[in-house]
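Peer 1: Take a look at the following structure, please.
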Amino acid sequence: MSENTSHRFERLPASDAEKTVEGRPTREAVLDYWTERFGVPPEVFEDYAFWEKGAGKIWVSPSAVPDGLEVESLGITFLRTRQEHWKPTTNAAQRFGRHATDCVVDLTREEAERFVAGEDQEIAWDGDWGYLIAAHEMEGAREPLGVGLYLHGELRSMIPKGRQRDL
Numbered sequence: 013m014s015e016n017t018s019h020r021f022e023r024l025p026a027s028d029a030e031k032t033v034e035g036r037p038t039r040e041a042v043l044d045y046w047t048e049r050f051g052v053p054p055e056v057f058e059d060y061a062f063w064e065k066g067a068g069k070i071w072v073s074p075s076a077v078p079d080g081l082e083v084e085s086l087g088i089t090f091l092r093t094r095q096e097h098w099k100p101t102t103n104a105a106q107r108f109g110r111h112a113t114d115c116v117v118d119l120t121r122e123e124a125e126r127f128v129a130g131e132d133q134e135i136a137w138d139g140d141w142g143y144l145i146a147a148h149e150m151e152g153a154r155e156p157l158g159v160g161l162y163l164h165g166e167l168r169s170m171i172p173k174g175r176q177r178d179l
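Here the sequence shown stands for residues 13 to 179, numbered as in our numbering.
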C-alpha cells in the first residue's frame, strides 16, 4: 500500500477495491456518511470530486479538476475523517446542508444568533447526538448556519473563531 502524502491532494478512490492508501476513506464511504447521517442524496455530489490532503482532511471540488495538479488549495474543506467520529466542516454544512433532511436542528433567531457567535447553549433536541447541521429559517427558506456538536442537551457551536459573528 502507498502512504499518505501531507502536501499533495489525492483523489479519493471510488471504493475499497481501488484503495491504495491505508486509512484513506473512499468516495463511496463519504457519500454513505452524508446519506446516512444527514439524508443528503448521493446525486447532490454527482459533479464533485473528493480529495484527501494530509491525514483525513477531505476537500471537495468540481469533478472536472484533473489529478496531479500542484496547488496550495482545491475547492473547499469538506470533512475530517481520521478521528473517532467524522466531522463535516462549516463550509460543507453551508454549501450542502440545504439538501439535508436528517440531523438538522432548526434554531430560533435567538438560538441562531448565539450559535453564529460561537456560544454553546442548552436546547431541546430529540434526534441523534453527535455532529448536526444547525439551521435557521430566513426569508422563507431553511438556511444552514454550520456544524454543531450535540451532547447531553447542549448544542456546541463548531463555527471557527474567525467566522463567528454578532448579528
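Note that beta-carbon positions come from the ideal geometry of N, C-alpha and C, so glycine has one too.
Might you give, ordered along the chain, the residues of its own chain that have their beta carbon closer than 6 Å to the beta carbon of K99, omitting 5 neighbours on each side?
Peer 2: So the qualifying residues of the chain are R92 and Y143.
Peer 1: Just the Cα atoms here: how many angstroms apart are N103 and V72?
Peer 2: Going by the C-alpha atoms only, they are around 10 Å apart.
Peer 1: Whole angstroms are fine: how far does the CA of R126 sit from the CA of F62?
Peer 2: C-alpha separation (whole angstroms): 32 Å.
Peer 1: For R36 and L157, I'd like the C-alpha separation in whole angstroms.
Peer 2: Each residue's alpha carbon lies about 28 Å from the other.
Peer 1: So which of D138, F108, E48 and E58 has the shortest CA-CA distance to H164?
Peer 2: That would be D138, whose Cα lies nearest to the Cα of H164.
Peer 1: What number of angstroms, rounded off, separates the C-alpha of E82 from the C-alpha of A76?
Peer 2: Going by the C-alpha atoms only, they are around 16 Å apart.
Peer 1: With a Cβ-Cβ cutoff of 8 Å, do G109 and A147 count as a contact?
Peer 2: Yes; because the gap between Cβ atoms is below 8 Å, this pair is in contact.
Peer 1: Whose C-alpha, out of F21, E123 and A105, is nearest the C-alpha of L167?
Peer 2: When each option's Cα is compared against that of L167, the closest is E123.
Peer 1: Which runs of the alpha helix (DSSP H) fall wholly inside the segment 57-102 and span at least 4 residues, in chain order?
Peer 2: Fully enclosed alpha helix (DSSP H) runs of 4 or longer: not present.
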